[in-house]
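Protein chains in written order, with the working numbering: chain P, 1397 to 1545; chain U, 1397 to 1545; chain L, 1397 to 1545; chain W, 1397 to 1545. Every residue, glycine too, gets a C-beta built ideally from N, C-alpha and C. All values reported here derive from a predicted model rather than from experimental measurement. For reference, the structure is listed below as structure tokens.
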């Protein structure tokens, strides 16, 4: 596992790959900020997009699915529509059938981190939904997404 | 009101302004396509983004809010994550306090329209929530978004 | 098709079957009301729940799927969390492979209709996604959900 | 903080208050299970509903708002529409301006826990959005929601 703090001191340099996601009006809740549950959608999307681009993950008909076993988020500063969010990703640990991802969310043109979080995914066979070894072509792409302190 | 067909024969040329929106994994429902309710989120976002960029709409603290009085959608072809959606917009009618918008959704790099729809919005005062005349600076920007057959 | 007005004069008596749906905090948008796109989720859920209870629709592994071809909504009065919503349903027309549903949304303990809408669904084969005739066991349950003026 | 395990060994008896939440078709994602982000919506709703019923929390115009500082979830068994979810709540710790809640999600008529999670909320003034002491009327209701091993 990485030794990054996963707190409000994280910087853009601590993440290996970025996806900018536009926000939507309904991402905000009645308090005028992005609702906390939407952060997990951003986490999910940056992981899937990385795997689609670098490992040819096919979520619709491929042999592999990624099921979430655990996730969590710390909220440091509010984000809100219409500001786009830069979602930073790093791979923290590659296990036999599981991968731990860590994310940092940054408001566009802002250096201080708005939220930090992690997702622990288990790779499963699309048919049986039983855990499988993370495939080799995924491993090499995942390793390129690791950062060291 | 425009005399466009608002059906499966609409083309990209029939729309005046476009916003590309990335899709998210949870936009798809269990049938593996974008869920019908999400199309209305795309409609809402293209309208708001146009107004933010061209009329300085401030959804958070501005004096004007747009409330939806009626909307509708026809689904011609399935859309699905991870394909981004090009959302075409045209203004069909500018009334005293209401505006009718018409939209066409296109899969990226595709000419045939996947969905067509309309939104009838009423402009209201942010404090009283009572209808107000569409402001002049909005009118000129809205007119630039009209198309004639 | 039914000759009901589908406007702000609809009453609870005009609908044949009701489902009460609790609202969720994130159903509200920043304006403090249920977001328009969420109404379509309520429409979808009342239809599916009726079919699950009365026609044994199995959305996960059954032979039939319902794809939406067109839908629309008129918003008469705002609804908002935490008030539950009573969703009224009637079947307006049963075609060969399509069914038109009409809905009325009512705030709990309120007689005036908050929103009215319709959904035109096409029944398709779950494997081929091609239209099929509405099955007989669905037809009898759907007829019991029709109302006459 | 409570010493409950917050893992797959949690039972219904470990929680002090329950809210049953119906699921919606679009809570499921393309893999046919409730999407992970929706669990946080359930967490949020059980907390808000408890506070509305027992502490007269008024999310729309009351003097207090609850902002989430941190949350997390462990997924033990899949949940899916159309099965309702029983959401169990206990208060784990009441601080000066923060409260830690712990939740267990159970499929209806099922004893084994499907997911466990926590939310750390900070109580803020609705106007200034600055932390405030958890009000006394909230404290007594929150204490009644605590469980001891």
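Interface partners of residue i on chain U, CB under 8 Å
i                       : result
residue 1422 of chain P : 1437, 1440
CB of residue i within 8 Å of CB of residue j, strictly
i                       : j                       : result
residue 1504 of chain L : residue 1482 of chain L : yes
residue 1431 of chain U : residue 1426 of chain W : no
residue 1538 of chain W : residue 1466 of chain W : no
residue 1458 of chain L : residue 1412 of chain L : no
residue 1415 of chain W : residue 1498 of chain W : no
residue 1519 of chain L : residue 1422 of chain L : no
residue 1456 of chain P : residue 1500 of chain U : no
Partners in chain P for residue i, counting only beta-carbon separations shorter than 8 Å
i                       : result
residue 1470 of chain W : 1465, 1466
Per DSSP, the bridge partner or partners of residue i
i                       : result
residue 1527 of chain P : P:1520
residue 1421 of chain U : The partner list for residue 1421 of chain U (beta bridge, DSSP) is empty, contrary to what the question assumes.
residue 1482 of chain U : U:1416, U:1502
residue 1469 of chain L : U:1467, L:1513
residue 1446 of chain L : Looking at the DSSP assignment, residue 1446 of chain L forms no beta bridge with any residue, so it has no partner.
residue 1489 of chain U : U:1496
residue 1461 of chain U : U:1520
residue 1538 of chain L : Note: residue 1538 of chain L sits in no beta bridge, so no partner.
residue 1430 of chain W : W:1424
Within chain L, partners of residue i - CB distance below 8 Å
i                       : result
residue 1500 of chain W : Result: empty, since nearest Cβ-Cβ is about 19 Å, beyond 8 Å.
residue 1478 of chain W : 1444, 1445, 1448, 1455
residue 1426 of chain U : 1455, 1456
Close beta carbons around residue i, own chain, < 8 Å, minus the five adjacent residues each side
i                       : result
residue 1561 of chain L : Here chain L has residues from 1397 to 1545 only, and residue 1561 of chain L is not among them.
residue 1491 of chain P : 1530
Contacts that residue i makes with chain P (C-beta to C-beta distance below 7 Å)
i                       : result
residue 1431 of chain L : 1422
Cut-off 7 Å between Cβ atoms - residues of its own chain near residue i, not counting five sequence neighbours on either side
i                       : result
residue 1450 of chain U : 1537
residue 1420 of chain L : 1477
residue 1446 of chain U : 1413, 1485, 1541
residue 1524 of chain L : none
residue 1404 of chain W : 1472, 1509
residue 1493 of chain U : 1518, 1519, 1527, 1528, 1529, 1530
residue 1408 of chain L : 1484, 1502, 1507
residue 1487 of chain U : 1495, 1497, 1538, 1541, 1542
Contact list for residue i against chain W, beta-carbon separation under 7 Å
i                       : result
residue 1531 of chain L : Near residue 1531 of chain L there are no residues of chain W at all, since even the closest Cβ is about 19 Å away, more than 7 Å.
Neighbouring residues, chain L, relative to residue i (Cβ below 9 Å)
i                       : result
residue 1417 of chain W : 1418, 1420
Cut-off 6 Å between Cβ atoms - residues of its own chain near residue i, not counting five sequence neighbours on either side
i                       : result
residue 1418 of chain L : 1480
residue 1534 of chain U : 1451
residue 1406 of chain P : 1500, 1509, 1512
residue 1400 of chain U : 1410
residue 1434 of chain W : 1423
residue 1463 of chain U : 1518, 1520
residue 1443 of chain P : 1497
residue 1453 of chain L : 1447
9 Å Cβ cut-off: residues of chain P touching residue i
i                       : result
residue 1461 of chain W : 1427
message = Contact between the region 1467 to 1483 of chain P and the region 1511 to 1519 of chain P is defined here as three or more beta-carbon pairs at a separation below 8 Å; is this criterion met?
response = yes
ask   = Does the region 1526 to 1534 of chain U come close enough to the region 1433 to 1444 of chain L to have 3 or more Cβ pairs within less than 8 Å?
value = no
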